[in-house]
DNA sequence: ATGAAAGTATCGCATTGTGATACATAGTTT
DNA sequence: AAACTATGTATCACAATGCGATACTTTCAT
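Protein chains in written order, with our numbering: chain A, 1 to 280; chain B, 1001 to 1280.
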């Protein structure tokens, strides 16, 4: 039995944040999102798609009454579904609406999509677009390949920025103080035995990524995965995203990745950068 | 200038609903989602990605104070972003999290994904998976093609069930009273000049779809689009989803769609149905 | 300059959410 | 079966919290 709870989640979510102090904040809204987030934790920590009320309590940090109020509210709104038999809750299909709301107005994704699709056909590989959010890189566009695993096909996945190639490359092409702040806020724990966790080594790696214009991560976030990333840059040199192409063993190794996937990633990222600046 | 507002959205969202009466409901939560929904309306009705506070008021039905409170709350939580210069709000990247939360636990999508990818390669076409939500068909999985338009690549898009082939085919394979209820609740307005809007004609069309096991819609929801859909069925014959393959003119016409896309859609849907029942 | 419209801040009131408690139901163990 | 435990549901008095009218500030058009 896993021990949940306790690292009780960032709530109340600000009053700590510098420039959010004093802004109006409706606590109930924060709590409802704690409930929705509980399902994500439930999936990673408990490996189950549906949660009972008491599990929601533990994972959200809310008491029983609150958990019930918010869960039922979310059911009424369609964002959770409730199995009448088991009385357990699960994510509702209406949640997809917000993905659409975000993506449909996301110019970067719109521009990148056809270019990424083309790129995926070159070697029949998965190709992803990543963007920074806090200390994570989030996959926003993924062009899937039939043989890939389901989890690696889904947009919305998060990976700690410090230990994955898209993160490295975005941190590298970012004002240094911002990058430092991200590293400082990151939970620097080893994901695999190859994960770098000390700041100087990470900064050296970032410097090299900046120099080369790409980064190859050798099993630092996943065993048997040598993955490449190249930055999508604005004219001022800031990275707004990264193109990420994973290469899985045994099909790909460090050498073939350098020979084939690196140029592809760099070129794809550059084409996106160009289209982006043209469009402005 | 479009007149917005007024059809002030279904709020308070239940007390009307039969079996949701008396369930605890936190009004603030409902209102925060009104704000998020406002962005979707803003995109379709105003064609703009970001909204000012007063636009949020109109589109959400909230007063100025409430709109501000909830918008700022959502900014603090990361679900909206605010441009400091223009003071306008736009959807935040964190919204993607909920897509992931839903999809990662969605067995149907997991099973369907590789099968849909295979299908998309046969004629290099877009292939979609749709599911019912209220009176709409929602696209939950989409395998994009480079030449397609961005809007048709995004999961989360909704189409009224009555006038699109995936909807027709799902309604057809549904207990009749449920299908009738959906039609009754639908806003039966012509989308194109070919849209059927009278119930008997729609029911005849559904009957034929049930008989054939697929449906081809000829420009009923979009001009120059002849699209095919076939139902994904459980063992009891109920549809849980539909495979949808659009065929755009001039590349595709009614004849070539029948010859090629119909068998592909039917076969793909059947393979998903089989995998689904195997997995249980 | 002037005015209108949009955005932000303030604050007393009472509505609304709160959470302790009690009750009901499901699932397990003896 | 009965007894027990855990989990889910309902109730309710209190006051904290969200409410929204008002006033203030900024921005943009004229």
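Glycine included, every Cβ here is placed at the ideal spot set by N, Cα and C. Quantities reported herein were computed from a predicted structural model and do not represent experimental measurements.
- Scanning chain B for C-beta atoms nearer than 8 Å to the C-beta of residue 130 (chain A) yields nothing, as the closest lies near 11 Å away.
- The segment 223-232 of chain A and the segment 262-273 of chain A touch, with no fewer than 3 CB-CB distances between them shorter than 8 Å.
- Taking 7 Å as the Cβ-Cβ cut-off, the segment 1105-1132 of chain B approaches chain A at 1105, 1110, 1113, 1114, 1117, 1118 and 1131, given in chain order.
- Contact between residue 1135 (chain B) and residue 1182 (chain B) is confirmed by a C-beta separation of about 5 Å, below the 8 Å threshold.
- Taking 3 residues as the shortest admissible run, the segment 1129-1156 of chain B contains the following complete beta strand (DSSP E) segments, listed from N- to C-terminal end: 1136-1143.
- Just measuring C-alpha positions, the residue of A:172, A:176, A:254 and A:109 sitting nearest residue 279 (chain A) is A:109.
- Residue 1146 (chain B) reaches chain A at 114, 117 and 118, counting residues in chain order whose Cβ is nearer than 7 Å.
- Against chain B, the CB of residue 245 (chain A) has no partner CB under 8 Å away; the residue lies outside that interface.
- With fewer than 16 other CB atoms across the displayed protein chains lying within 10 angstroms of its CB, residue 1107 (chain B) is exposed.
- Residue 1244 (chain B) counts as buried, since no fewer than 16 other beta carbons sit within 10 angstroms of its beta carbon.
- Judged by DSSP in its simplified three-state form, residue 279 (chain A) adopts coil rather than helix or strand.
- Cβ atoms of residue 164 (chain A) and residue 217 (chain A) come within 8 Å of each other, at about 6 Å.
- For residue 1069 (chain B), the neighbours in chain A by C-beta distance under 7 Å run, in chain order, 24 and 26.
- Beta-bridge partners assigned by DSSP to residue 1160 (chain B): B:1136.
- Proximity to residue 1042 (chain B) across B:1068, B:1089 and B:1085 peaks at B:1089, based on C-alpha coordinates.
- If you draw a straight line from the Cα of residue 1044 (chain B) to the Cα of residue 67 (chain A), it comes to about 34 Å.
- The beta carbon of residue 33 (chain A) falls within 8 Å of a beta carbon belonging to chain B, placing the residue at that interface.
- Residue 1083 (chain B) has a beta carbon lying at 8 Å or more from every beta carbon in chain A.
- Unbroken beta strand (DSSP E) runs of no fewer than 3 residues, entirely contained in the segment 172-245 of chain A, are found at 215-218 and 225-233, following chain order.
- Following the DSSP letters along the chain, one finds residue 1069 (chain B) inside the alpha helix (DSSP H) bounded by residues 1064-1077.
- In the three-state DSSP reduction, residue 40 (chain A) falls in the helix class (H, G or I).
- Neighbours of residue 1155 (chain B) in chain A, taken as residues at a C-beta separation under 9 Å, are given in chain order as 96, 99, 100, 103 and 155.
- Of the residues B:1034, B:1189 and B:1146, the one whose Cα lies closest to the Cα of residue 1061 (chain B) is B:1034.
- Just so you know, the alpha carbons of residue 1191 (chain B) and residue 1162 (chain B) end up roughly 11 Å apart.
- In this structure residue 74 (chain A) is buried. Its beta-carbon is surrounded by 16 or more other beta-carbon atoms within 10 angstroms.
- Remark: C-beta atoms of residue 1070 (chain B) and residue 1031 (chain B) approach each other more closely than 8 Å.
- Within 10 angstroms of the beta-carbon of residue 224 (chain A) lie fewer than 16 other beta-carbons, which makes it exposed.
- Residues of the same chain with a CB within less than 8 Å of the CB of residue 154 (chain A), apart from the 5 flanking positions on each side, are 139 and 142 in chain order.
- Considering only B:1156, B:1083 and B:1188, the residue with the shortest C-alpha distance to residue 1128 (chain B) is B:1156.
- Assignment of beta-bridge partners to residue 1127 (chain B) by DSSP yields B:1143.
- Residue range 1089-1091 is occupied by the beta strand (DSSP E) that includes residue 1090 (chain B).
- Annotation for residue 261 (chain A): no beta strand (DSSP E) segment contains it, and DSSP assigns it neither H nor E.
- Taking C-beta separations shorter than 7 Å and ignoring five residues to either side along the sequence, the partners of residue 214 (chain A) in its chain run 169, 228, 229, 230, 262, 265 and 266, following chain order.
- Judged by their CB atoms, residue 173 (chain A) and residue 211 (chain A) are not nearer to each other than the 8 Å cut-off.
- Under the three-state reduction of DSSP, residue 1082 (chain B) is assigned to strand.
- Between residue 1206 (chain B) and residue 1254 (chain B), the C-beta gap is not smaller than 8 Å, which leaves the two residues out of contact.
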